[in-house]
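Trainee:
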Amino acid sequence: MAIFNKKDNFEQESEKADKEVISSIIDTRMVMKGELIFEGKARIDGTVKGNIKGEHLVLSESGKIIGDINVSTFVCHGILEGNIKSNLVTARKTSKIHGLIESNSLSVEPGAALSGEVKVATKDLHLVDDKNSNADKNSQTAKTTTAQ
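Just add 1348 to the spot in the sequence shown (first one is 1) and you have the numbering used here.
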């Protein structure tokens, strides 16, 4: 099920992210504490306790993030306890997301568990520091509590 979708730019961004080679991996046996900043595409199979900033992020089924995410595209198969700011968010059926989702495009598969708020930006999100963001002025909010 797709919610709040604008086709043109988001399909192109999604296709670009899908085709890009994964440049960084946090393995299942790894636990990382602290801020993670990356370029390109990263996949997290292990645990990250801290905030993440980058381009394209994939959280696998075995992955867990405790912290906030600020990326261009985010595909979630695992567990996220924190807030998301991303142009494109995809919650797969195995995902569990607890926090605020702020995005232009949100896709949720049946079986995904969401708990928190969803803010839909009516203009492109500029992924910058929060103090410079006007996203709150250009958004709509929906509260969610969906659990499997």
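All C-beta atoms in this analysis are idealised placements derived from N, C-alpha and C, irrespective of residue type, glycine included.
Please classify K1389 as buried or exposed, where buried requires at least 16 neighbouring CB atoms within 10 angstroms.
Mentor: So K1389 ends up on the buried side.
Trainee: Going by DSSP, what residue range makes up the beta strand (DSSP E) through A1390?
Mentor: Here the beta strand (DSSP E) through A1390 covers 1389 to 1392.
Trainee: Within 10 angstroms of the Cβ of T1438, are there 16 or more other Cβ atoms? Answer buried if so, exposed if not.
Mentor: Classification of T1438: buried, given that the 10 Å Cβ count is 16 or more.
Trainee: Given a cut-off of 8 Å, decide if G1415 and I1392 are closer than it, judged by their beta-carbon atoms.
Mentor: Cβ distance not < 8 Å, so I1392 and G1415 don't count as in contact.
Trainee: I'd like the list of long-range same chain contacts for S1451, defined as Cβ closer than 6 Å, with 5 residues on each side in sequence excluded.
Mentor: Here the set comprises S1434, V1437.
Trainee: Nearest-angstrom Cα distance between E1498 and N1399?
Mentor: Residue 1498 lies beyond the residue range present for the chain, which begins at 1349 and ends at 1496; the question has no answer from this structure.
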